[in-house]
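K.L.:
The sequence shown begins at 49 in the working numbering and counts up one residue at a time.
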Amino acid sequence: GSSKPASQPAAAPYKPGGAVAPPAGTYKPGGAGVSAAVDPAALKSDDPEVLRKALHAALVQGQRGPDVTSAEARLRDMLKLPADWDMKAFSGGNRLEGGLGGRKDSTVVCFQAQPPQVVKAM
């Protein structure tokens, strides 16, 4: 049998910059929860993976403020992410290490449910 339901939409297309994420404002919770408190030092990290994980924890917990806003802007700048990407979805994505198949380098992938008209167009 198939490992994914027929109603599950296809993945988003590859975007330059080594990451795949959906447009902003379309994230729907339901993935893995974040139970640990956000480490304020991690939101200031220069390591994009540490920063991405800390940002996800903060966003899932509903934290906003200068530290979270700054962390989001720095992560976008570090990874050259477009302004319309949903950072809550992207920051909760999975990191794939190294090249494989057609992928030449590490990347982050995430799932974002799309409206029926988008799925039909695919």
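Note that beta-carbon positions come from the ideal geometry of N, C-alpha and C, so glycine has one too. Since the structure is predicted, the reported quantities are computational estimates derived from the model, not experimental observations.
Using only alpha-carbon positions, find the residue among A85, P114, S139, R100 that is nearest to C158.
P.N.:
One-based indexing of the sequence shown puts residue 158 at position 110. Among A85, P114, S139, R100, the Cα nearest to that of C158 is on S139.
K.L.:
Under 8 Å by Cβ, that's how I've got V96 and L129 pegged, so tell me the actual separation to the nearest angstrom.
P.N.:
Along the sequence shown, read from residue 1 onward, the residue named residue 96 stands at position 48. Along the sequence shown, read from residue 1 onward, the residue named residue 129 stands at position 81. At residue 96 the sequence reads Pro, which differs from the Val that was named. At roughly 10 Å, the Cβ-Cβ gap does not stay under 8 Å, so P96 and L129 are not in contact.
K.L.:
Run the CB neighbour count on V68, radius 10 Å, all protein chains shown included, and call it buried at 16 or more, exposed below.
P.N.:
The residue labelled residue 68 in the question sits at position 20 within the sequence shown. Residue placement at V68 is flagged as unreliable, the pLDDT there being 48, under the threshold of 50; the coordinate-derived value follows with that caveat. The residue in question, V68, is buried, as its Cβ has 16 or more Cβ neighbours within 10 Å.
K.L.:
Can Q160 and D134 be called in contact, C-beta distance under 8 Å?
P.N.:
In the sequence shown, residue 160 corresponds to position 112, counting from 1. In the sequence shown, residue 134 corresponds to position 86, counting from 1. Cβ distance < 8 Å, so Q160 and D134 count as in contact.
K.L.:
From what residue to what residue does the alpha helix (DSSP H) around D134 run?
P.N.:
What you label residue 134 is simply residue 86 of the sequence shown in a count that begins at 1. Unbroken run through D134: none, as it is neither H nor E.
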